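To convert, take the position in the sequence shown, counting from 1, and add 15; that gives this note's numbering.
C-beta: ideal position from N, C-alpha, C; glycine also.
Since we're looking at a predicted model, the values are computed, not measured.
To keep things clear, I will list the structure first and then write my remarks on it.
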Amino acid sequence: MDWEELHSNLPSLMTFLTVARLGRFTAAADSLGINHATVSRRINALEKITGQRLLLRSPAGWEITTEGRQVFEIAEEIEHSLAKLVSEQTDAAVTGTVRIGAPEAFTGHIAVPALAHMQDHHPGLDLELFTSTQRARRNRSGLDLEIVVGKPQVPRSWEHPLLQYHLKLYATPEYLKHHRTPARLADLKDHRLNYYVEAILLVQDLDAALAKLPHMRTGISSTNVYAHLTATLEGAGIGLLPDFMAEPHPGLVSVLETEFSYAATFWAVVRQESQRNPAVATVYQALQDYAEKLHSHREGPTVM
């Protein structure tokens, strides 16, 4: 076994660790925000380095071989070391200004509560939040940390999946009573949809979710997700909403949940020039910790 090459192949090790834990390539691909072929390629690369089979297929999914157990333990040690490094960076008080760009839903439901608590421990840290739902910019954006929907493609940056959630259909019971509850997806053509303005929707994953639905009449379209939520609560139509936003509202019920649910992922993007900034590391860790807390309290968003 080439130990030096094994330790240097971090993406493949972390992919193997995820497959070993989840038992399926597809689940690992969804968790990591990559495709099935990339998972397979990384596992094959590890097996080539070790000269051993690391995983075997079983009726329950992929299981670790005896040789794979040793590699699994190495991968866990590296994961723990990385987590400890980030923790040590964030334990000390940090100062400065961190500029964060994120979609409205992430900002309001995750970033603000997470960072408000974090700022109590780091009073010298100033935070600036810029809300927009768009792709990560390939050129320098002036932001230290960006949160985007879908895997970004940004040169010279660190990218990591942060939180998976689901876009689902919601409506009020009163709306459904007066407009008939759709029994199948085809019935949606008789309803209005509250969602983004389609002509200027630039985020591929959000556009892909819309493409999974039959054509619907326009309800209240907006560039702001909170407008979608309010329009749906006011009975303006059926809303295509993030589950973590809609489910806390007792006035909304899920529509056609067994037929439609679109998984999307928030990704964190840190530019090369910000990667060694302790303040940025502190902010990212606060967001990661809050995402884990959110996941532990409810089923829905999945921590990466």
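Contact belief for residue i with residue j at Cβ below 8 Å, rounded distance in angstroms
i, j, result
"residue 76", "residue 38", "3 Å"
"residue 247", "residue 185", "6 Å"
"residue 142", "residue 299", "12 Å between Cβ atoms; not a contact."
"residue 165", "residue 280", "7 Å"
"residue 302", "residue 126", "6 Å"
"residue 285", "residue 172", "6 Å"
"residue 31", "residue 61", "5 Å"
"residue 113", "residue 140", "7 Å"
"residue 272", "residue 183", "6 Å"
"residue 265", "residue 109", "Wrong, their Cβ atoms sit about 40 Å apart, outside the cutoff."
Beta-bridge pairing of residue i - partner residues as DSSP gives them
i, result
"residue 209", "254"
"residue 141", "112"
"residue 160", "115 and 285"
"residue 172", "286"
"residue 280", "179"
"residue 184", "255 and 270"
Coil, strand or helix - residue i by DSSP
i, result
"residue 155", "Interpretation of residue 155 is limited by its pLDDT of 47, a score under 50 that renders its predicted location unreliable; the figure taken from the coordinates is listed afterwards. Of the three classes helix, strand and coil, the one that applies to residue 155 here is coil, per DSSP."
"residue 128", "helix"
"residue 267", "coil"
"residue 198", "coil"
"residue 146", "strand"
"residue 291", "coil"
"residue 165", "coil"
"residue 31", "helix"
"residue 121", "helix"
"residue 16", "Caution is warranted here: a pLDDT of 49 is assigned to residue 16, below 50, making its placement in the model unreliable, and no coordinate value can be reported."
"residue 80", "coil"
"residue 87", "helix"
Test: residue i CB closer than 7 Å to a CB of chain B
i, result
"residue 34", "Judged by its chain identifiers, the structure shown contains no chain B, having just a single protein chain."
**At least three beta-carbon pairs within less than 8 Å, the segment 241 to 259 to the segment 208 to 223** = yes
**Item:** Start-end ranges of the beta strand (DSSP E) lying completely within the segment 215 to 262, minimum 3 residues
**Value:** Whole beta strand (DSSP E) segments, 3+ residues: 253 to 257.
**Asked** In the segment 33 to 78, which residue ranges form an unbroken alpha helix (DSSP H) of at least 4 residues, counting only runs that do not cross its ends?
**Response** Entirely contained in the segment 33 to 78, the alpha helix (DSSP H) runs reaching 4 residues are, in chain order, 40 to 47 and 51 to 65.
**Asked** Do the segment 196 to 206 and the segment 227 to 243 make contact, defined as three or more Cβ pairs closer than 8 Å?
**Response** yes
**Message:** If contact is defined by three or more beta carbon pairs under 8 Å, each pair taking one atom from either stretch, is the segment 216 to 226 in contact with the segment 83 to 96?
**Reply:** no
**Request:** Assess, as a yes-or-no matter, whether the segment 129 to 145 is touched by the segment 186 to 194 under the definition of 3 or more beta carbon pairs within less than 8 Å.
**Result:** Touching, no.
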